[in-house]
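**Student:** Numbering (this note's numbering), first residue to last: 2 to 577.
The C-beta atom is built at its ideal place from N, Cα and C for all residues, glycine as well.
Note that the structure is a prediction, hence the values are computed from the model and not measured.
If you scroll down you'll find the structure; I have some questions about it.
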Amino acid sequence: MQSVSRIMKMLFILLLWLSGGCASDRPPTGGALDTTPLQVLFSNPAPSSVNVSIDKIHLTFNHYISGRQLLNSLLFSPSIGTYDIAVNGKEVDIRVFKPLEKNRTYLITFDKNLRDTQGHTLPGPYTIAFSTGPLIDTGVISGKVVNADFSPAANALLLAFSEHSSTAAAASLLTREPDYLIQANATGAFSFNNIGKGFFKIFAVNNRNNELRYNYKTEEVGLSSASLVPAGSSNLMFRLDGLHSTADGIVSCSPLEEQGLEITFGRPINITSFNPEKLEIRHAESHSLIPAVTWFSKNRSLYERTFLVVTAKLVPNEPYLISYRADDGTGTIRTIPFYGSSRPKVIRPLSITIAPDNGSNPAHLDLAWPSLGKVVVIRLSDPRTESELSHAITLSETASGTEGNLRFSLTNIDPRTFALKPANGFQPGRSYRVSVNPADFRNITEKSDQVTPVVSQFRTAEKKDTGSISGTGHASGKYVVIEAKLSGSASTFSTTALCDKNGTFRYLFPELPPGSYTVSAFIPSGSKPPGAYQQWSPGSIEPYRPAKAFGFFAEPVKVRAGWTTEHIDIQIIPSR
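Written as structure tokens, this is what we have:
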């Protein structure tokens, strides 16, 4: 019994020794809850110090910090090589193993998402600059990053690559370490401070992985409208548009079933210009050609990356190759391998929807497909020929209680999406009835006596049912494309304006459906008048091509019936 007591006493002494002698990242318990954000209270070297010659950097935070958190949240520009971090509560020592370069400005960048042991973060991006020589770099480059919908890109990461770097010519921007890196704040604004003289290639990325690194396979990118940005520039604008792609052609092909493929292009293309005859599908070994029976866009939008292709039957697990020739013959032709699927073709019931909805009053017929004007859009679940659909449609106008069938034309948007218009166009303020009878289609799964026509009856909008947006702006190009996107929908209205000799342009959207709009503008490519509903060019990293300059109205624009919303002015400001 005495020996057991002696053992328990020794264990108790050991626990006391361990609790007093082990370092911990955790703060002491007790006391009032501190809600202040994480801050760096002291650093050695101090910010903007010169003639620095040290092998250890000391930091003091206002809260207890974790060594692991700090290790993953530090970045040195330029790199200092290997280093070691020692954390003791709020105090941090960073030991540098390799001597710092002489007469060089160094930046220590802290990830704004760095958290202390209680979860507090820095109030924003934070950088400490110091120099190992008598002078410190004072260059500044600033601007703003927005998302594709022009909202602030609060998670943006900016990477700057010096054109005078020893690796500038040889290394790819996709894999090269940036010379400078900074995060945007909550408003999307950023500022590179204490950078050296010279010119830079700069792009912004959506830092999804929160690692202060760019992953071009998963993170959206936005480029400047300037090929090279000199130190001292301000008002740079970046728009995160999509994932980087090195080619305009097909970048992936996924077999869905034994006669169905999903293909994705590197960049969006106008679906009206998609030509299935430029698709080539061959067996990888026998080289026999596989015909494409039909196709359709995945999301039914004017510009698409993804298309669905129906082919002749493919042999399961056999190798195939697919490619698409560019319109002008100069684009990159990529051949993508894939294997035939063993999943059988699924026959699904045909579904039909009509826009506008049945009972719409008023019906704004330019909402469903703005680039085609006032039309009725018919959406089918499966591809059908234009003649087959035309045979199934009845269009009539209701006037004074009588109905009369109208002649109409169909526009094939894609093989399962069609636009309908009367021979004389839809007249404002009149009532129409569109009927599509599935029984008139061939090869439907239901019996003809079990299906009923799909009907939409509506009154077309008049001018009094619409509103207007007008404004002026300034740009350095000859032409400007102005876009008004209706919130909560895919509908985007577009118009073109000509700049005068002073760069001033004026625009008007005369008849818009009521709602809230985002209004933006960009300078199109070339000196000729842009085509209808031309798309903004986001540029590319490889080959390096800057984005086209753009601007936007900072607030949502409210459109009310019978009103003109004026002075929606847009400045496309070049960096300076």
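Could you tell me the distance, in whole angstroms, from the CA atom of P231 to the CA atom of H121?
**Tutor:** Cα to Cα, the separation comes out at about 36 Å.
**Student:** Would you mind listing the beta strand (DSSP E) stretches within the segment 224 to 310 that are 3+ residues and don't spill past its ends, in chain order?
**Tutor:** If we require 3 residues or more, the beta strand (DSSP E) runs fully inside the segment 224 to 310 come out as 237 to 240, 251 to 258, 261 to 271, 280 to 284, 293 to 298.
**Student:** With 8 Å set as the bound, which would you pick, yes or no: does the beta-carbon of R209 sit closer than that to a beta-carbon of chain C?
**Tutor:** Here there is only one protein chain, and chain C is not present.
**Student:** I need the DSSP call for S410, collapsed to helix, strand or coil.
**Tutor:** Here S410 sits in strand by DSSP.
**Student:** With a 10 Å radius around its C-beta and 16 neighbouring C-beta atoms as the bar for buried, classify T188 as buried or exposed.
**Tutor:** By the neighbour-count rule (16 or more Cβ atoms within 10 Å), T188 is not buried but exposed.
**Student:** Rounded to whole angstroms, what's the CA-CA distance from G360 to K529? Just pull it up for me.
**Tutor:** The alpha-carbon atoms of G360 and K529 are separated by roughly 43 Å.
**Student:** For A400, which three-state DSSP category applies?
**Tutor:** Here A400 sits in strand by DSSP.
**Student:** Less than 8 Å separating the beta-carbons of I355 and F308?
**Tutor:** Result no, Cβ atoms of I355 and F308 do not sit closer than 8 Å.
**Student:** Start and end of the beta strand (DSSP E) containing S432?
**Tutor:** Start and end: 432 to 437.
**Student:** How about T497 and V482: do their beta carbons lie closer than 8 Å?
**Tutor:** In contact: T497 and V482 (Cβ atoms closer than 8 Å).
**Student:** Please name the residue in D415, F427, P135, S352 whose C-alpha comes closest to that of W296.
**Tutor:** Cα-wise, what sits closest to W296 is D415.
**Student:** Which ranges does the beta strand (DSSP E) cover as unbroken runs of at least 3 residues, wholly within the segment 326 to 374, from first to last along the chain?
**Tutor:** Counting whole runs of 3 or more residues, the segment 326 to 374 contains the beta strand (DSSP E) stretches 337 to 340, 353 to 356.
**Student:** Relative to the alpha-carbon of Y325, which residue among I270, P363, R344, T37 has its alpha-carbon at the smallest distance?
**Tutor:** If we check each option's Cα against that of Y325, I270 comes out closest.
**Student:** By the 10 Å Cβ neighbour count, where 16 or more other Cβ atoms means buried, how is W370 classified, buried or exposed?
**Tutor:** By the 10 Å Cβ count, W370 comes out buried.
**Student:** So the candidates are L175, G430, F201, K57; which of them puts its Cα closest to the Cα of H165?
**Tutor:** Considering only alpha carbons, the answer is F201.
**Student:** Could you have a look at Q70 and say whether DSSP puts it in helix, strand or coil?
**Tutor:** Reduced to three states, the DSSP call for Q70 is helix.
**Student:** Leaving aside the five residues before and after G22 along the sequence, list all residues of the same chain whose C-beta is less than 7 Å from its C-beta, in chain order.
**Tutor:** With a pLDDT of only 34 at G22, under 50, the local geometry of the prediction cannot be trusted, and the value read off the model is given with reservation. Nothing meets the Cβ criterion.
**Student:** Would you mind giving the Cβ-Cβ distance between T418 and R301, rounded to the nearest angstrom? I have them listed as a contact below 8 Å.
**Tutor:** The Cβ separation is near 5 Å, so the contact holds.
**Student:** Kindly indicate which three-state DSSP category K549 falls into: helix, strand or coil?
**Tutor:** Coil.
**Student:** By alpha-carbon positions, which one of L174, S152, N438, F409 ends up nearest to A190?
**Tutor:** Looking at the Cα atoms, S152 is the closest of the given residues.
**Student:** Considering only their Cβ atoms, is the gap separating L159 from Y215 smaller than 8 Å?
**Tutor:** No, the pair does not count as a contact, with Cβ atoms beyond the cut-off.
**Student:** Between the segment 98 to 108 and the segment 132 to 141, do three or more beta carbon pairs fall short of 8 Å?
**Tutor:** Touching, yes, given that three or more Cβ pairs across the two stretches are closer than 8 Å.
**Student:** Which residues bound the beta strand (DSSP E) around S391?
**Tutor:** Note, S391: premise wrong, no beta strand (DSSP E); alpha helix (DSSP H) at 387 to 393.
**Student:** Per DSSP, T139 is paired with what?
**Tutor:** T139 pairs with nothing; no bridge assigned.
**Student:** According to DSSP, is A440 helix, strand or coil?
**Tutor:** In the structure shown, A440 sits in a helix (DSSP, three-state: H, G or I).
**Student:** Does L158 come out as helix, strand or coil in the three-state DSSP assignment?
**Tutor:** Note: L158 maps to strand in three-state DSSP.
**Student:** Given that a residue counts as buried once 16 or more other Cβ atoms are within 10 Å of its Cβ, and exposed if not, what is K375?
**Tutor:** Classification for K375: buried.
**Student:** Going by DSSP, what residues sit across from E92 in a beta bridge?
**Tutor:** BP columns for E92 point to T61, N89.
**Student:** Nearest-angstrom Cα distance between R561 and L487?
**Tutor:** The straight-line gap from Cα to Cα measures roughly 13 Å.
**Student:** Between which two residues does the beta strand (DSSP E) holding V53 run?
**Tutor:** Counting along the chain, V53 falls outside any beta strand (DSSP E), and DSSP gives it neither H nor E.
**Student:** Rounded to whole angstroms, what's the CA-CA distance from Y518 to K422? Just pull it up for me.
**Tutor:** C-alpha separation (whole angstroms): 26 Å.
**Student:** Compute the Euclidean distance between the alpha carbons of T493 and I81, then round it to the nearest angstrom.
**Tutor:** About 49 Å.
**Student:** With 16 as the cutoff for other CB atoms within 10 Å, does T467 come out buried or exposed?
**Tutor:** With 16 or more other Cβ atoms within 10 Å, it is buried.
**Student:** Based on the DSSP output, what are the partners of V482 in its beta bridges?
**Tutor:** Bridge partners of V482: T497, F523.
**Student:** For P511, which residues of its own chain have a beta-carbon under 7 Å away from its beta-carbon, when the five flanking residues on both sides are left out?
**Tutor:** Only S469 meet the Cβ criterion.
**Student:** Give me the residue from T566, I573, S471, T37 with the minimum Cα distance to K479.
**Tutor:** Of T566, I573, S471, T37, the residue nearest in Cα terms is I573.
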